[in-house]
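I have placed the structure first, in the form of structure tokens, so that the comments after it can refer back to it.
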Amino acid sequence: MVSTSLQVAPTPTQTPDRHPDVSLLTAVLEGFADGVLILTQTGHCLHRNQKGKALCRHLHDLDSSPQTAVPPSLWALCLHLREGRDLFPDQSLVLTQDFSCPGGACIRARVQWFDWPETTEPSFLVMLEDQTQAVQTAALLEAMQYDLTPREREVWMLRRANHSYEAIALTLYITVNTVKRHLKSIYAKRKQVLEDLAN
349 MVSTSLQVAP TPTQTPDRHP DVSLLTAVLE GFADGVLILT QTGHCLHRNQ
399 KGKALCRHLH DLDSSPQTAV PPSLWALCLH LREGRDLFPD QSLVLTQDFS
449 CPGGACIRAR VQWFDWPETT EPSFLVMLED QTQAVQTAAL LEAMQYDLTP
499 REREVWMLRR ANHSYEAIAL TLYITVNTVK RHLKSIYAKR KQVLEDLAN
């Protein structure tokens with residue numbers, strides 16, 4: 349009698365000593381559009397997805413801290429959450445803070461408690477959202493929804509990123525009056541779309 353066995357080699361996210369739930373959870377977290385960090389209560393990083401690593405680099409630039417540590421601005425938010433749990437043990441708190449980084453990037457951090465399968469005590473779940481990217485995505489969707497011309501789309505994306513009329517004119521090599529004319533057209537198209545949706 350011949351006996352055969354099939355062994356599945358561990359994937360990069362699944363090591364033999366890891367709980368299968370952790371491997372699945374890690375794979376799911378890696379697919380998030382936002383940055384994700386799972387931190388212990390002592391500041392040890394249990395997991396960080398690729399987007400989380402990239403956004404942490406921006407926060408390290410803001411804090412001028414070593415790249416290997418959790419950015420001090422994020423760790424301070426985690427400590428505030430821990431203090432909040434001590435003061436309000438029966439409430440589920442989520443702390444949010446926006447950080448403006450060098451180069452104009454804006455990152456929104458949200459921290460809450462999370463039960464990581466491999467730990468006995470609750471961990472910190474830190475979600476990092478690139479607000480600049482979120483605004484650009486929203487502006488692109490609005491440009492399609494309002495059926496903007498390519499030039500109107502350029503003007504709208506800059507305006508949604510809080511650029512002044514003068515800055516838009518300089519960036520696109522047009523006059524301020526042309527910027528105003530494009531925005532007037534955009535606002536008219538937006539109004540029409542909103543009226544159509546209301547009816």
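Under our numbering, the first residue of the sequence shown carries the number 349, and numbering increases by one thereafter.
In this text, a Cβ means the ideal position worked out from N, Cα and C, and glycines have one as well.
Contact under 8 Å by Cβ, residue i with residue j
i	j	result
Lys628	Asp382	An answer regarding residue 628 cannot be provided, because it is not within the stretch 349 to 547 covered by the chain.
Val384	Cys426	no
Ser471	Leu403	no
Trp504	Ala515	no
His511	Cys449	no
Gln481	Asp446	no
Arg575	Val541	Lying before the first or after the last residue shown, residue 575 is absent from the chain, which here runs from 349 to 547.
Separation of residue j from residue i, as counted between CA atoms
i	j	result
Glu378	His392	18 Å
Leu441	Leu473	12 Å
Leu531	Pro419	39 Å
Ala486	Ala453	16 Å
Val524	Thr444	37 Å
Val527	Leu518	10 Å
Pro437	Asn397	29 Å
His395	Glu466	11 Å
Thr390	Arg430	11 Å
Tyr513	Phe380	35 Å
His428	Phe462	15 Å
Leu422	Leu506	29 Å
Gln439	Ala546	38 Å
Ile522	Gly432	51 Å
Glu543	Leu496	17 Å
Trp464	Leu435	23 Å
In DSSP terms, what residue i is bridged to
i	result
Trp461	Phe472
Phe447	Ile455
Asp478	Ile455
Residue i: first and last residue of the uninterrupted beta strand (DSSP E) it sits in
i	result
Leu387	383 to 387
Cys329	This structure gives no information on residue 329, because the portion of the chain shown stretches from 349 to 547.
Cβ shell of residue i (< 6 Å), same chain only, five flanking positions each side left out
i	result
Lys537	Tyr494
Glu477	Asp382, Arg456
Leu489	none
Thr468	none
Boundaries (first-last residue) of the alpha helix (DSSP H) holding residue i
i	result
Pro419	Careful: Pro419 lies outside any alpha helix (DSSP H) and carries neither H nor E.
Tyr294	In this structure the chain extends from 349 to 547, so residue 294 is not present and cannot be described.
Glu502	498 to 508
Glu514	513 to 520
Same chain, Cβ closer than 7 Å to residue i, five either side skipped, listed in chain order
i	result
Arg499	His530
Ser533	Glu500
Contacting residues, own chain, Cβ-Cβ under 8 Å from residue i (five flanking each side not counted)
i	result
Leu520	Arg499, Glu502, Val503, Leu506, Val527
Proximity test, residue i beta-carbon vs the ligand ADP heavy atom, cut-off 7 Å
i	result
Cys393	As far as ligands go, the structure on display features none, and thus does not contain the ligand ADP.
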